[in-house]
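Asks: According to numbering that gives the first Met the number 0, the sequence shown is numbered sequentially starting from 0.
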Amino acid sequence: MITILGTGLLGSAFARASLRRGEQLGVWNRTLDRAAQLGKEGAKVFIDAGDAVRGAERIHMVLSDDVAVESVIKTILPALGKGALLVDHTTTSVAGAVARTEKLAAIGVFYQHAPVFMSPQNALDAAGVMLLSGDKNRFAALSPVLTPMTGKLAWLGPEPGRAAAMKLAGNLMLMAVTAGLADVARFLKSEDFSPADFLQLLEHFDPGASVKPRAGRMFSGSFENPSWELKMARKDARLIADASTSATEALRFLPAIAAEMDRYIEKGFGDKDWTVMGHDLADL
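1) Using 8 Å as the threshold, is the C-beta distance between His112 and Asp134 below it?
2) Tell me the DSSP bridge mates of His112?
3) Could you give the first and the last residue of the continuous beta strand (DSSP E) run that contains Ile68?
4) Throw me the rounded Cβ distance for the Arg57 and Glu40 pair, which I believe falls under 8 Å.
5) Run the proximity test for Ala240: is its beta-carbon closer than 7 Å to any non-hydrogen atom belonging to the ligand GDP?
6) Spell out the partners DSSP gives Thr2 in its beta bridges.
7) Counting C-beta neighbours from all protein chains within 10 Å, is the total for Arg233 16 or more, i.e. buried, or is it exposed?
8) What do you reckon, are the CB atoms on Val97 and Gly160 nearer than 8 Å?
9) Between which residues of its own chain and Trp154 is the CB-CB distance below 8 Å, once the five residues before and five after are set aside?
10) Cα-Cα, which of Glu228, Met165, Val275 is closest to Gly215?
11) Output the boundary residues of the beta strand (DSSP E) element that contains Ala153.
12) To which residues of the same chain is Ile239 closer than 7 Å at the C-beta, ignoring the five residues directly before and after it?
13) What does DSSP give as the partner residue(s) for Val44 in the beta ladder?
14) Please work out which residues of its chain come closer than 6 Å, Cβ to Cβ, to Lys289, disregarding the five sequence neighbours upstream and downstream, and give them in chain order.
15) Grab the span of the beta strand (DSSP E) containing Val128 for me, first residue to last.
16) Beta carbon of Ile27, beta carbon of Ala51: below 8 Å?
17) With respect to the alpha helix (DSSP H) encompassing Thr177, which residues constitute its N-terminal and C-terminal limits?
18) Pull up the CB-CB distance for Leu4 and Ala48, whole angstroms please, since I reckon it's below 8 Å.
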């Protein structure tokens with residue numbers, strides 16, 4: 000039997016995908032009503048997390064945070080069968096992922112942190128990305144059973160906290176993009192355009208294509224021969240800000256970016272590539 004602990008949006012989607020594959024499935028959720036519907040669809044619903052993992056060969060945790068993970072692990076440890084595979088898809092702290100990996104390994108429990116970049120629909124369709132790091136033998140053992148759950152299964156390296164760090168870094172990038180889109184909408188409204196008009200631009204211009212090369216330049220410290228001088232980026236920030244000063248809703252995030260640009264320009268980096276902002280001034 001396979002057990003899923005945590006049947007929120009993502010956990011429920013993983014559960015339904017498991018049922019589609021014809022797997023014998025047990026589910027548990029802290030609030031029973033979240034799991035009840037899955038019972039009607041063929042899963043065995045458990046009231047107690049310990050009962051849910053008893054006899055399970057593989058357990059997937061899809062919980063909210065470190066505190067929830069620690070609480071559930073404490074509950075299920077006495078009931079875990081020998082050789083059971085414990086896979087944790089929860090987005091957690093790096094320190095928490097490392098500590099759990101080491102603590103559970105010390106008592107002979109197979110534990111693998113495997114955070115995901117997936118929407119519920121991705122989980123249902125076995126799309127998206129699943130990240131693993133740490134002992135490559137664990138990756139090899141899990142690869143046959145995790146591959147059907149995801150569009151891409153990625154092993155990132157031997158450090159047990161690397162997957163947790165990269166998951167949070169990816170989420171930070173998504174937050175930055177969303178914040179930028181919010182200011183894009185405010186700017187366009189200030190110029191009497193619909194924010195939806197930005198979708199027309201995206202049919203011709205793919206900003207995502209520049210992320211990897213821009214990150215490569217930023218993180219390598221290659222700021223000579225700029226593709227966009229910092230002082231020119233600051234000029235464009237001023238044009239956007241000036242156009243938005245009379246708007247009903249002021250820009251929220253550009254002012255902080257402009258202030259950061261000013262810090263670097265004042266230190267003499269205006270002629271460098273604007274990705275120079277990715278380095279601490281103390282290191283330049």
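Here a beta-carbon is modelled for each residue, glycine too, at the ideal position from N, C-alpha and C.
Replies: Considering the structure as presented:
1) Along the sequence shown, read from residue 1 onward, the residue named residue 112 stands at position 113. Along the sequence shown, read from residue 1 onward, the residue named residue 134 stands at position 135. Against a cut-off of 8 Å, the Cβ pair of Asp134 and His112 comes out as no contact.
2) Walking along the sequence shown from the start, residue 112 turns up at place 113. According to DSSP, His112 bridges with Asp87.
3) Working through the sequence shown from its first residue, we reach residue 68 at position 69. Note on residue identity: the sequence assigns Val, not Ile, to residue 68. Premise fails: Val68 lies in the alpha helix (DSSP H), 65-75, not in any beta strand (DSSP E).
4) Indexing the sequence shown from 1 puts residue 57 at position 58. Indexing the sequence shown from 1 puts residue 40 at position 41. About 19 Å separates the two Cβ atoms, so there is no contact after all.
5) Of ligands this structure carries none, so the ligand GDP is not represented either.
6) For the purposes of this step, residue 2 is taken as residue 3 along the sequence shown, with counting starting at 1. For Thr2, which the question treats as bridged, DSSP gives the partners Gly25, Ile58.
7) Walking along the sequence shown from the start, residue 233 turns up at place 234. Under this definition Arg233 is a buried residue.
8) Numbered from 1 along the sequence shown, position 98 holds the residue referred to as residue 97. Numbered from 1 along the sequence shown, position 161 holds the residue referred to as residue 160. Yes, they are a contact pair.
9) Stepping through the sequence shown from its first residue, residue 154 is reached at position 155. Here the set comprises Leu131, Ser132, Lys135, Phe138.
10) Counted from its first residue, the sequence shown places residue 215 at position 216. Of the listed residues, the one whose Cα sits closest to Gly215 is Val275.
11) Here residue 153 corresponds to residue number 154 of the sequence shown, with the count starting at 1. Unbroken beta strand (DSSP E) run through Ala153: 151-154.
12) On the sequence shown, residue 239 is found 240 positions in, with the first residue counted as 1. These residues qualify, in order along the chain: Phe186, Leu253.
13) Counting from one through the sequence shown, the residue named residue 44 turns up at place 45. Paired residue(s): Val26.
14) There is simply no residue 289 to check, as the chain begins at 0 and stops at 283 in what is shown.
15) The residue you call residue 128 lines up with position 129 of the sequence shown. Looking at the DSSP string, the run of the beta strand (DSSP E) that includes Val128 is 128-131.
16) Taking the sequence shown and counting its residues from 1, the one referred to as residue 27 is at position 28. Taking the sequence shown and counting its residues from 1, the one referred to as residue 51 is at position 52. It is Trp, not Ile, that sits at residue 27 in the sequence shown. Yes.
17) For this step, residue 177 is matched to residue 178 along the sequence shown. Here the alpha helix (DSSP H) through Thr177 covers 161-189.
18) Indexing the sequence shown from 1 puts residue 4 at position 5. Indexing the sequence shown from 1 puts residue 48 at position 49. About 6 Å separates the two Cβ atoms, so the contact holds.
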